[in-house]
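Be aware that the sequence shown starts at 5, since it is given in my numbering, and climbs by one per residue.
Just below is one structure, and these are the notes that go with it.
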Amino acid sequence: AERAAAAAAALPARIVYVGISLGVLPAQRLAQTRPGARGGVLISACFPSAEFGQGWPPGVPLQVHGMEADPEFANEWDLPAARALVNEVEDSELFLYPGDQHLFMDSSLPDFDEEATALLARRTLALLGQLA
Numbered sequence: 005a006e007r008a009a010a011a012a013a014a015l016p017a018r019i020v021y022v023g024i025s026l027g028v029l030p031a032q033r034l035a036q037t038r039p040g041a042r043g044g045v046l047i048s049a050c051f052p053s054a055e056f057g058q059g060w061p062p063g064v065p066l067q068v069h070g071m072e073a074d075p076e077f078a079n080e081w082d083l084p085a086a087r088a089l090v091n092e093v094e095d096s097e098l099f100l101y102p103g104d105q106h107l108f109m110d111s112s113l114p115d116f117d118e119e120a121t122a123l124l125a126r127r128t129l130a131l132l133g134q135l136a
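In C-alpha cells, the structure reads:
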C-alpha cells in the first residue's frame, strides 16, 4: 500500500483507481483518501469504507466486480463490504458474474472467463467514458 501511494504521488491527482484482488487495498485506499480521485473500480475484493478512516468521497463513481461464487470474494467480508460500500456511494454499482473464479479476467490463468471479462471491460469503459 505504501509503494502504491508513493507511485501515485508522481501521477496527476485526477485519475481513476483500479485494483484487482490484493491490489484493491491500495486502489481503494487511494480513491478514498487522495484528493482528486475521478473514480474507482474494485475487482475481486472490497474493504469497508471505514478501513481507510473516512467514507468514499462524494461525487466519485464506483464499480465493484466479482464472481458470485468466488470463495475469495463471495465470503463473509469482501461481498458484504462491497454491498455496504455500494449502498453508501450514490454513483456506484456492484456487478456479480456467474462463476467461482477469483482472477477471471486474467487470460494467462485457467480461471479466465472470456465472457465475464468482456462484460467487465465494457462496464469499466462505460464508466471511463462518462468521466471523459
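Beta carbons are placed, not taken as given, at the ideal position from N, Cα and C, and that holds for glycine.
Predicted model only: the values in this text are computed from it and were never measured.
Spatial neighbours of residue i within its chain, please: CB distance less than 6 Å, with the 5 preceding and 5 following residues excluded, ordered by chain position.
i	result
Ser25	Ser48, Ala49
Pro30	Ala5, Ala8
Who pairs with residue i in a beta bridge, going by DSSP?
i	result
Gly23	Leu46
When the Cα atoms are used, what is the spatial distance from residue i to residue j?
i	j	result
Asp104	Leu132	27 Å
Ser96	Gln67	6 Å
Pro114	Leu100	19 Å
Thr128	Gly40	19 Å
Ala10	Asn91	30 Å
Glu72	Thr121	14 Å
Leu1	Gly44	This structure cannot speak to residue 1, because the chain is shown only from 5 to 136.
Pro75	His106	8 Å
Gly63	Gln36	11 Å
Ala138	Leu123	Absent from the model: residue 138. The displayed extent of the chain is 5 to 136, so no value can be given.
Ala86	Leu98	7 Å
Gly27	His69	13 Å
Less than 7 Å between C-beta atoms, sequence neighbours within five positions excluded: which residues of the same chain meet that for residue i?
i	result
Phe116	Phe108, Asp110
Val93	Trp60, Leu66
Ala12	Leu34, Arg38
Counting contacts by CB-CB distance shorter than 8 Å, is residue i in contact with chain C?
i	result
Cys50	Included in the structure is just one protein chain, with no chain C present.
**OP:** Report the residue ranges of all alpha helix (DSSP H) runs contained in full by the stretch 44-103; include only those spanning at least 4 residues, in chain order.
**Re:** Uninterrupted alpha helix (DSSP H) stretches at least 4 residues long and entirely within the stretch 44-103 occur at 82-92, given in chain order.
**OP:** Determine contact between the stretch 48-62 and the stretch 8-22, defined as no fewer than three beta-carbon pairs at a distance below 8 Å.
**Re:** Output reads no: the stretch 8-22 does not touch the stretch 48-62.
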